[in-house]
Amino acid sequence: MHRIKLFIPGPTEVREDVLEALSHPVIGHRTRDFSDLVDRVITKLRDLLQTSYRIQVVTASGSGLMEAAIRNFVERKVLATVIGAFGERWYRIAKANGKEVDRLEVPWGQAITPDLLEDALKKDHYEAVLITHNETSTGVMNPLKELAEVVHAISPDTLILVDAVSSMMGAPIDFEGWGLDYVLAGVQKAFALPPGLAVGVISDRAFEKARTVAHRGYYFDLVEIQKYLDERSQTPTTPAVNLYYALDRQLDRMLEEGLEARWARHHAMAELVQKWGTTYFDLFAERDHRSWTVTTISNTREISVAWLIEELKKRGFLISNGYGQLKEKTFRIGHMGDLTPEDVQELLINIEAILGLNG
Ligand SMILES: *Cc1c(COP(=O)(O)O)cnc(C)c1O
5 MHRIKLFIPG PTEVREDVLE ALSHPVIGHR TRDFSDLVDR VITKLRDLLQ
55 TSYRIQVVTA SGSGLMEAAI RNFVERKVLA TVIGAFGERW YRIAKANGKE
105 VDRLEVPWGQ AITPDLLEDA LKKDHYEAVL ITHNETSTGV MNPLKELAEV
155 VHAISPDTLI LVDAVSSMMG APIDFEGWGL DYVLAGVQKA FALPPGLAVG
205 VISDRAFEKA RTVAHRGYYF DLVEIQKYLD ERSQTPTTPA VNLYYALDRQ
255 LDRMLEEGLE ARWARHHAMA ELVQKWGTTY FDLFAERDHR SWTVTTISNT
305 REISVAWLIE ELKKRGFLIS NGYGQLKEKT FRIGHMGDLT PEDVQELLIN
355 IEAILGLNG
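Throughout, this note's numbering is defined as the position within the sequence shown, counted from one, plus 4.
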């Protein structure tokens with residue numbers, strides 16, 4: 005099989021032994037074995053994420069929990085902050101679920117500033133604010149801690165809902181210290197697992213609110229999911245059992261590495277790619293808010309990005325074109341999951357060779 009190494013911002017490279025864990029014989033999800041597996045996974049996630057908040061593993065992609073957040077924590081009105089394609093998606097999900105949604109938007113490439121958020125929160129009252137921690141389309145990482153501080157200061161009862169799909173495990177997040185209420189992620193990004201599971205972390209006050217919200221839906225009713233988890237360490241519907249085995253294996257590896265070391269490795273990869281990107285091109289994201297897990301490079305040399313991608317594929321590497329309207333204007337290098345600075349270096353050397361950048 006011809007292996008192509010993934011430097012795209014999800015899904016990311018998955019290690020062989022994690023792939024092997026997937027081939028565990030399928031077990032029933034109403035068995036002691038599955039409950040034990042769930043207990044192991046939740047315990048390890050709690051050790052790793054260092055939080056006493058409720059942690060749920062759900063069979064869905066990240067967008068599933070973006071919808072869950074809307075259904076469970078918003079009765080009527082929400083503020084959506086939009087800094088790129090995934091913020092836009094969350095805005096649309098809220099609309100599609102019949103909520104009243106106001107938008108706070110900045111041009112792509114920029115982050116939401118605390119001042120902008122402060123103004124928006126002073127103008128109106130919201131049950132919740134939606135924040136994309138790491139906007140994978142633009143390579144911008146929002147100043148989540150500072151934004152959360154503003155919410156606590158101006159509108160303390162407003163819940164802070166966070167899309168951390170491409171940052172959880174790859175960049176610092178302090179659930180309790182920063183006072184976040186719901187933080188969701190997909191395992192196919194910085195967790196370095198095959199797609200199919202999503203992880204949500206829920207504050208106590210957010211969970212209490214969810215109990216009072218009508219029409220939470222069926223599949224993503226987080227209160228019902230928690231009930232099954234608390235009472236029998238199971239899920240209400242059939243989970244992707246084999247992915248739990250892979251998650252269990254990968255959590256051992258992440259615990260071995262340590263979360264802070266994992267963050268540091270991501271930061272080191274980001275610095276490498278940013279330095280390279282500034283040397284040969286330009287970076288799309290504004291200086292102080294560049295992502296630790298994905299770099300969006302402005303195509304200042306006007307190369308054919310599609311051609312570069314094809315040439316890289318022949319050499320066994322995959323990177324991404326720009327997202328949506330940024331296609332050909334930018335390209336994206338994902339540096340998340342289990343990739344190392346050495347892997348990144350190897351990729352960059354190959355791009356240089358293809359583009360004839362060093363001679
Ligand atoms: C990948 C991604 C999503 C979407 O996740 P799916 O798993 O494809 O549903 C949402 N938000 C961000 C920031 C992402 O990077």
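Using N, Cα and C, we set each Cβ at its ideal position, and we do this for glycine too. None of these values were measured; they are calculated from a predicted model.
>> Is the separation between the beta-carbon of Arg75 and that of Arg215 shorter than 8 Å?
In response: Numbered from its first residue, the sequence shown carries residue 75 at position 71. Numbered from its first residue, the sequence shown carries residue 215 at position 211. Their beta carbons are not under 8 Å apart, which means Arg75 does not touch Arg215 by this criterion.
> Taking one C-beta from the region 245-260 and one from the region 224-237 each time, how about it: are there three or more such pairs within less than 8 Å?
Replying inline: Flag = no, the region 245-260 and the region 224-237 do not touch.
> Fully enclosed by the region 146-170, which alpha helix (DSSP H) runs are 4 residues long or longer?
Replying inline: The region 146-170 contains these whole alpha helix (DSSP H) runs: 148-158.
> From which residue to which residue does the beta strand (DSSP E) around Thr300 run?
Replying inline: Taking the first residue of the sequence shown as position 1, residue 300 is located at position 296. First-last of the beta strand (DSSP E) with Thr300: Val298 to Ser302.
> Can you name, in chain order, every residue of its own chain whose Cβ lies under 7 Å from the Cβ of Arg4, other than the five neighbours on each side?
Replying inline: No information on residue 4 is available, as it lies outside the stretch 5 to 363 that the chain covers here.
> If we ignore side chains and look at the alpha-carbon of each, how far apart do Asn246 and Asp40 end up?
Replying inline: Counting from 1 along the sequence shown, the entry for residue 246 is found at position 242. Counting from 1 along the sequence shown, the entry for residue 40 is found at position 36. In a straight line, the C-alpha of Asn246 is about 14 Å away from that of Asp40.
> For ligand 1, is there a heavy atom less than 7 Å away from the beta-carbon of Gln114?
Replying inline: Here residue 114 corresponds to residue number 110 of the sequence shown, with the count starting at 1. With a cut-off of 7 Å, the C-beta of Gln114 is classified as distant from ligand 1, since no heavy atom of the ligand falls inside that distance.
> Which term fits Tyr222, buried or exposed, when burial requires 16 or more other beta carbons within 10 angstroms of its beta carbon?
Replying inline: Here the question's residue 222 lines up with position 218 in the sequence shown. For Tyr222, the number of other beta carbons within 10 angstroms of its own is below 16, and it is reported as exposed.
> Is there contact here, the region 29-46 with the region 309-325, by at least three beta-carbon pairs under 8 Å?
Replying inline: Touching, no, given that fewer than three Cβ pairs across the two stretches are closer than 8 Å.
> Taking the Cβ atom as the reference point for each residue, do Trp267 and Pro176 lie within a distance shorter than 8 Å?
Replying inline: Along the sequence shown, read from residue 1 onward, the residue named residue 267 stands at position 263. Along the sequence shown, read from residue 1 onward, the residue named residue 176 stands at position 172. Cβ distance < 8 Å, so Trp267 and Pro176 count as in contact.
> Between which two residues does the alpha helix (DSSP H) containing Leu184 stretch?
Replying inline: For the purposes of this step, residue 184 is taken as residue 180 along the sequence shown, with counting starting at 1. Under the DSSP assignment, Leu184 falls outside any alpha helix (DSSP H); it carries neither an H nor an E label.
>> Could you give the first and the last residue of the continuous beta strand (DSSP E) run that contains Gln60?
In response: Against the sequence shown, residue 60 aligns to sequence position 56. Membership of Gln60 in the beta strand (DSSP E) is indicated by the continuous run Arg58 to Thr63.
> For Lys331, which beta-bridge partners are listed by DSSP?
Replying inline: Working through the sequence shown from its first residue, we reach residue 331 at position 327. DSSP lists Thr334 as partners of Lys331.
> Just to check, is the beta-carbon of Glu139 closer than 7 Å to a non-hydrogen atom of ligand 1?
Replying inline: Counted from its first residue, the sequence shown places residue 139 at position 135. For ligand 1, at least one heavy atom lies less than 7 Å from the Cβ of Glu139.
> Quick one: Cα of Ile307 to Cα of Tyr284, how far?
Replying inline: As a first step, residue 307 must be located in the sequence shown, where it is residue number 303. As a first step, residue 284 must be located in the sequence shown, where it is residue number 280. Using only the alpha carbons, I get a separation of about 12 Å.
> Starting from Val30 and walking both ways along the beta strand (DSSP E), at which residues does that stretch end?
Replying inline: Along the sequence shown, read from residue 1 onward, the residue named residue 30 stands at position 26. Unbroken run through Val30: none, as it is neither H nor E.
>> Taking its Cβ as the centre, do 16 or more other Cβ atoms sit within 10 Å of Ala210, making it buried, or is it exposed?
In response: Start at 1 with the first residue of the sequence shown, and residue 210 comes out as number 206. By the Cβ-count criterion, Ala210 is buried, with 16 or more other Cβ atoms from all chains shown falling within 10 Å of its own Cβ.
> Would you say Val82 and Glu131 are within 8 Å of each other, going by their C-beta atoms?
Replying inline: As a first step, residue 82 must be located in the sequence shown, where it is residue number 78. As a first step, residue 131 must be located in the sequence shown, where it is residue number 127. In this structure, Val82 sits near Glu131, with a CB-CB distance shorter than 8 Å.
>> Can you find the residues in the same chain that come closer than 8 Å, C-beta to C-beta, to Leu259, ignoring five residues on each side of it along the sequence?
In response: If you number the sequence shown from 1, residue 259 lands on position 255. Once the five neighbours on either side are set aside, the close Cβ partners of Leu259 are Lys48, Asp51 and Leu52.
>> Given the structure, does Ser67 come close to ligand 1, in the sense that its CB is under 7 Å from one of the ligand's heavy atoms?
In response: Residue numbering aside, residue 67 sits at position 63 when the sequence shown is read from its first letter. Yes; taking the cut-off as 7 Å, the Cβ of Ser67 has a heavy atom of ligand 1 nearer than that.
> With respect to 7 Å, is the separation between the Cβ of Asp167 and the closest non-hydrogen atom of ligand 1 below this value?
Replying inline: Residue 167 sits at position 163 when you count from the first residue of the sequence shown. Distances taken from the Cβ of Asp167 to the heavy atoms of ligand 1 include one shorter than 7 Å.
> Any idea what DSSP makes of Arg294, helix, strand or coil?
Replying inline: Taking the sequence shown and counting its residues from 1, the one referred to as residue 294 is at position 290. The DSSP-derived three-state label of Arg294 is strand.
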